[in-house]
């Protein structure tokens, strides 16, 4: 059961979209680092994981080894039933985030994306993010939102 949990976490970390604004800090890398701390296995791509994330003490620490489940294979960490349940809840949450479940359950109206007071606000934010991901300089403040002609 613990091996399946680890496999799911690794699969999710590899499927997580890359952040073009922070190429050295990826959320998928953080998931992979957490998985390696939990299960005691090295992360496949440690270059994407900041040093501070890999210096943590290994998880889990339970009061008794009798409470642990799944420590049958050599080198595999056993987890308590509660830790396994929390791990699977984490996997479900990450899968919902990865699948844009909230976006499907709660669609955004055009009144939200184009507010009357500033209809192009979110479009300009997206243009700024796209420009920054291409390495271009992004104007900040009111000067980028208005043309002073």
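Residue numbers (this note's numbering): 217 to 365.
Think of the CB as a built atom: it goes at the ideal place given N, C-alpha and C, for glycine as much as any other residue.
As the structure is a prediction and not an experimental result, all values here were calculated from the model.
Helix, strand or coil for residue 342 per DSSP?
-> helix
Please report how far the alpha carbon of residue 250 lies from the alpha carbon of residue 240, in whole angstroms.
-> 17 Å
Taking the C-alpha atoms as reference points, what is the distance between residue 350 and residue 295?
-> 43 Å
Residue 311, enclosing alpha helix (DSSP H) - first and last residue | 297-314
To the nearest angstrom, how far is it from the Cα of residue 261 to the Cα of residue 335?
-> Here the model assigns residue 261 a pLDDT of 47, short of 50, so the residue's position is not dependable and the matter cannot be decided.
Beta-carbon separation of residue 248 and residue 303 under 7 Å?
-> no
For residue 230, count neighbouring C-beta atoms within 10 Å of its own C-beta (all shown protein chains included) and say buried if the count is 16 or more, exposed if not.
-> exposed
Give a yes or no on whether 7 Å exceeds the smallest Cβ distance from residue 352 to chain B.
-> In summary, chain B is missing from the structure at hand, where a single protein chain is found.
Could you tell me the distance, in whole angstroms, from the CA atom of residue 355 to the CA atom of residue 344?
-> 8 Å
Report buried or exposed for residue 237, applying the criterion of at least 16 other Cβ atoms within 10 angstroms of its Cβ.
-> exposed
Does any heavy atom of the ligand MN sit closer than 6 Å to the C-beta of residue 305?
-> Because no ligand of any kind appears in the structure shown, any question about the ligand MN cannot be addressed here.
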